[in-house]
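Engineer: The following block contains the structure, expressed as structure tokens.
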Amino acid sequence: MLRMIGFELQKILGRGITKGAIAALLVSCLFLLQAFCWNNPYDTVRLPDGAILSGRDAIAYNQSVAARYEGDLTDETLQQIAEDFAREYPQDYQQVVQASQVSSDLPAPYRYLSQFVPGPAYQQEIQRAQEAGIAIPSLTSAGLIRLQDLEISFVEKPLQYGYGDSWSLFFQSFCGPAFSAALLILLVSVIGVSTLLAGEYDRGTDALILTTKYGKNRVILAKLLAGILFATFLTAGVFLLFCAAFGLQFGVAGWSADMQTVPWISLFNVNIPLNNLELLLLGFLIVWVSAVVSAVITAMISALAKTSVASLLIAICLAIAPYFLHTNGESPWCVCWDLWMWAWPINAVNLQHLLRLPIAYNLGAYDTLLLFGGTAIILFLLSVVIAYHAFRRHRIGG
Amino acid sequence: MNPIEDHMLIRRIQAGDPQAFERLVEKYYDNIFQFCVRRCNGDRVLASDLTQETFLKLVEHIQQYRPTGKFINFLLTINATFQPGIYGLLGANGAGKTTLMRLICDILPPTSGEITLDGIPIRTLGANYRALLGYLPQNFGYYPGFTATRFLQYFATLKGLEAGFAKRRVQELLDLVGLKEAAHQKIRTFSGGMRQRLGIAQALLNDPKVLILDEPTAGLDPKERVRFRNLIASFAQDKIVLLSTHIVTDVEYIADRLMILKDGTLIRRGTPQEILAEIAGCVWECHVTRQEASELAQYFPICNQRGEGDTVILRIVSPQMPCPGALTATPCLEDLYLYHFYGEGH
């Protein structure tokens, strides 16, 4: 069986379109790394005396500032950050307070503080609330919004704060809401696996294979396993590439900080206890499962479509269709449909949205992850069974 | 035809009743041929057991419905025995040769009826049956990026050969088919003849007991065809080889028995001598003028035509004397082919 899998992998990797897709994936990953890792928005920092640091020096300075506040994130910690911010960058602090404007060349903890500073319209909101008879919680003695008022999770068990820029950038580039490596991995998996079975029909090797001893059993399993391995190698390879790039650039500072404290990925009210490292590993897992499911669905289409071109086109359409099939309606059926569409691979790799969905729909914190897992299992099993039987029963010239 | 009676006869034949066999032969003399693979020692057919008789049984009303809408009652009540040897399957395009082979290889299911091996449906035997098969389809496919060695190693794996044995077997076969020097070249660089030889090597990997070759010499030059004939002849000493072709000379020298298919029906079977004897007196040689040659060509199938000065020597296949002065000639397989298939495509 191992030999068969090896041969099938060689067939997948031997195709020009697969090689081209992998090359395009690598180039795209390099572009993503250039944008998020080597030339990221936070690679310059302004010191209190006005001097500008860039590159590794900027990263080191950011990490040293964040290290001052590492540990439990409490209102007192926020107060300390605010005091230091106001002392070291008084003009910038005033800009945040008065105009909610944050300069991107400030150290990381001070940029993070901005979401706790009430905006200039806050007083008007209090007045309107009072007129409506709604109680608005008071601010802290430092004039900041309380942690519990931002609905940040685990306030009774304090979140762990740490340096978060690198983790935020890694997350967004690998499995974030916009163009990310995860989408490319799915696409390349589909391209690579599209001719797994249809290619045999096209080349005319189906008759040879189906008349061998293992041609109607083991070889089909070997092909499916080869497709799964291909998706796995792609996902692992890209993930390791990103780990290496971000690790060399930023190190591992802040790995144990809770994801709710990471800026700019808006997970502060997600009620799942994960630190930055665990969040990325979850992202890898989601992307890997999505890639494997996409590969197996593509293999099924390959077995049914009979030609490589049709297989590729149908597989790509099926892979991206859930991205567009949202109703955004409010009826229970629309909500169920939308939730199910989000569980499909193309949408699930947007991990930020997958984790935030339970908040939008008033669900349990793990419900969308469970829905994704259940959908993945069902799609996987169905596709394997259909692909197996479709190839096994393929009629030559009939 | 009475299916129930035929079924009972077949069962009696299986039980060893010679009179039942004679009755069936008498009833379907023109349509019966016998395939028998005798299964020994349980479920596995051992090479040492294939001494005198091997049989593959095609049972009752095997039919294949063509998607064009033409229903072909393909093979009727077959009880067949192949002695180890070479069987040439002749027929025009669309006669059903490839369909028959695909049915035997279990890559095309019959619309009704079943094919059995010693009474067990080949679909039930599954992998055990396929382990006995070697198949070379017409226009077989290959992987352009694979080398010849890699290609054979791949199929050796699919045929269940162990790694060490497969390695030796691949080298042996590459040497046998004359591809030793090209063993590490990619198949995309091969000529048509080299690919065909590679296909033959692939079919022989598992030392099959039943070898099905569909147009194996297509694309081979005469020298390669001779090499192929010698290869098959040496291989078939204790095997069943079923060989379909349009090139009658391929089977003329090596086939032990011939089967002629026309419109999905087996119309003739027997040794080449027996079948040729049936058209004795139907092959003529005529010495005519060019004008007469053109006229005769409109009415009679011309097997061969050659000029000698102002005279043309025609070889004509016809039950009646085609023209005055025509002399009978000894028939050959090409004459036989023309005799049965001249009307195809006209």
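As they're listed, the protein sequences go chains A and B.
Using this note's numbering, the first residue of the first sequence is number 856, and each one after it goes up by one.
Using this note's numbering, the first residue of the second sequence is number 137, and each one after it goes up by one.
C-beta: ideal position from N, C-alpha, C; glycine also.
Treat the numbers as computed from the prediction; the structure is a model and nothing was measured.
Using Cβ-Cβ distances below 8 Å, what residues of the region 228-250 of chain B are close to chain A?
Structural biologist: Answer in chain order: T234, T235, R238, C241, D242, I243, L244, P245.
Engineer: Quick one: what does DSSP say M1189 of chain A is sitting in, helix, strand or coil?
Structural biologist: Just to set this straight, residue 1189 of chain A is Cys in the shown sequence, not Met. Helix.
Engineer: Nearest by alpha-carbon distance to P1118 of chain A: which of A:V882, A:L864, A:Y897, A:A1245 is it?
Structural biologist: The shortest C-alpha separation from P1118 of chain A is found at A:Y897.
Engineer: Can you tell me whether G224 of chain B is helix, strand or coil according to DSSP?
Structural biologist: If DSSP states are grouped into helix, strand and coil, G224 of chain B belongs with the strands.
Engineer: Starting from C1098 of chain A, follow the alpha helix (DSSP H) in both directions and report where the run begins and ends.
Structural biologist: That run of the alpha helix (DSSP H) goes 1073-1105.
Engineer: Over the uninterrupted beta strand (DSSP E) stretch that includes M395 of chain B, give me the two end residues.
Structural biologist: Element bounds for M395 of chain B: 393-398.
Engineer: From the DSSP output, which residues share a beta bridge with G270 of chain B?
Structural biologist: Looking at the DSSP assignment, G270 of chain B forms a beta bridge with B:L347.
Engineer: Could you pull the start and end residues of the beta strand (DSSP E) that W420 of chain B belongs to?
Structural biologist: Run containing W420 of chain B: 419-425, per the beta strand (DSSP E) assignment.
Engineer: Suppose contacts are defined by Cβ-Cβ distances below 8 Å. Is L968 of chain A in contact with A987 of chain A by that definition?
Structural biologist: The answer is no: Cβ separation not under 8 Å.
Engineer: Whose Cβ in chain B lies nearer than 9 Å to the Cβ of V1164 of chain A?
Structural biologist: The premise fails here: V1164 of chain A is roughly 17 Å from chain B at the closest Cβ pair, so nothing lies under 9 Å.
Engineer: Note down, in chain order, each residue of its chain lying with its Cβ closer than 6 Å to the Cβ of D350 of chain B, except the 5 sequence neighbours on either side.
Structural biologist: Only T234, M237, P273, Q274, S380 meet the Cβ criterion.
Engineer: What does N275 of chain B touch in chain A if you count any residue whose Cβ is under 8 Å from its own?
Structural biologist: Chain A residues near N275 of chain B: G1059.
Engineer: Kindly list, in the order they appear in chain B, the residues whose Cβ is closer than 7 Å to that of R862 of chain A.
Structural biologist: The identity of residue 862 of chain A in the sequence shown is Phe, whereas the question assumes Arg. Within 7 Å Cβ-Cβ: Y290, T293.
Engineer: Nearest CA to the CA of R911 of chain A: which residue from A:A941, A:V957, A:G1106, A:L1236?
Structural biologist: It is A:G1106.
Engineer: Would you please state the rounded distance, in angstroms, between the beta carbons of V313 of chain B and R333 of chain B? I believe it to be under 8 Å.
Structural biologist: Contact flag correct, Cβ pair sits at about 4 Å.
Engineer: If you measure beta-carbon to beta-carbon, which residues of the region 372-384 of chain B are closer than 9 Å to chain A?
Structural biologist: Cβ contacts with chain A come from no residue of the region 372-384 of chain B.
Engineer: Might you give, ordered along the chain, the residues of its own chain that have their beta carbon closer than 6 Å to the beta carbon of W1199 of chain A, omitting 5 neighbours on each side?
Structural biologist: Counting only Cβ-Cβ distances below 6 Å, and skipping sequence neighbours, we find P1177.
Engineer: Compare the C-beta of L1065 of chain A against all C-beta atoms of chain B and say whether one is closer than 8 Å.
Structural biologist: Judged by the 8 Å Cβ criterion, L1065 of chain A is in contact with chain B.
Engineer: Does the structure place the region 1097-1117 of chain A close enough to the region 887-907 of chain A that three or more beta carbon pairs sit under 8 Å?
Structural biologist: As far as the Cβ criterion goes, the region 887-907 of chain A touches the region 1097-1117 of chain A, which means the pair count is three or higher.
Engineer: Could you give the uninterrupted runs of the alpha helix (DSSP H) lying entirely in the region 996-1073 of chain A, keeping only those of 4 residues or more?
Structural biologist: As far as the region 996-1073 of chain A is concerned, its whole alpha helix (DSSP H) runs of at least 4 residues are 1020-1030, 1036-1048, 1053-1058, 1061-1065.
Engineer: Are the C-beta of V1048 of chain A and some C-beta of chain B separated by less than 8 Å?
Structural biologist: Answer no: the Cβ-Cβ gap between V1048 of chain A and chain B never drops below 8 Å.
Engineer: Between A1036 of chain A and F1029 of chain A, is the Cβ-Cβ spacing less than 8 Å?
Structural biologist: Result yes, Cβ atoms of A1036 of chain A and F1029 of chain A sit closer than 8 Å.
Engineer: Using the C-alpha atoms, what's the distance from D1061 of chain A back to G417 of chain B?
Structural biologist: If I take the Cα positions, the gap works out to 46 Å.
Engineer: Quick check on the DSSP output: the alpha helix (DSSP H) that includes D930 of chain A runs from which residue to which?
Structural biologist: First-last of the alpha helix (DSSP H) with D930 of chain A: 930-943.
Engineer: What is the C-beta distance between L341 of chain B and L309 of chain B, in whole angstroms, given that I count them as a contact (C-beta under 8 Å)?
Structural biologist: The pair is a contact, with the Cβ atoms about 7 Å apart (cut-off 8 Å).
Engineer: Return yes when the Cβ of I376 of chain B is within less than 8 Å of the Cβ of L472 of chain B, no when it is not.
Structural biologist: Their beta carbons are not under 8 Å apart, which means L472 of chain B does not touch I376 of chain B by this criterion.
Engineer: Going along chain A in order, which residues have a C-beta closer than 9 Å to the C-beta of R324 of chain B?
Structural biologist: Those within 9 Å of R324 of chain B in chain A number zero; the least Cβ separation is about 11 Å.
Engineer: Quick one: does R266 of chain B have its CB under 8 Å from some CB of chain A?
Structural biologist: True, the Cβ-Cβ gap to chain A drops below 8 Å.
Engineer: Could you pull out every residue in the same chain whose Cβ sits closer than 7 Å to the Cβ of I1233 of chain A, ignoring the five residues on either side in sequence?
Structural biologist: Closer than 7 Å at Cβ, skipping near neighbours: no residue.
Engineer: Three or more C-beta pairs under 8 Å: does that hold for the region 323-332 of chain B against the region 352-360 of chain B?
Structural biologist: As far as the Cβ criterion goes, the region 323-332 of chain B touches the region 352-360 of chain B, which means the pair count is three or higher.
Engineer: Assign S1163 of chain A to one of two classes, buried (16 or more other C-beta atoms within 10 Å of its C-beta) or exposed (fewer than that).
Structural biologist: Buried.
Engineer: Helix or strand or just coil, what does DSSP make of D242 of chain B?
Structural biologist: Coil.
Engineer: Using C-beta distances below 6 Å, list every residue in its chain close to R361 of chain B, excluding the 5 sequence neighbours before and after it, in chain order.
Structural biologist: Here the set comprises T353.
Engineer: Identify each residue in the region 296-308 of chain B for which the Cβ-Cβ distance to at least one residue of chain A is less than 8 Å, and report them in chain order.
Structural biologist: Cβ contacts with chain A: G296, A299.
Engineer: Distance check for T929 of chain A and R1001 of chain A, CA to CA, integer angstroms please.
Structural biologist: Rounded to whole angstroms, R1001 of chain A to T929 of chain A spans 9 Å at the Cα level.
Engineer: Which residues in chain B have a C-beta closer than 8 Å to the C-beta of A1062 of chain A? List them in chain order.
Structural biologist: Correct list: R238, C241, I243, Y271, P273, F276, G277.
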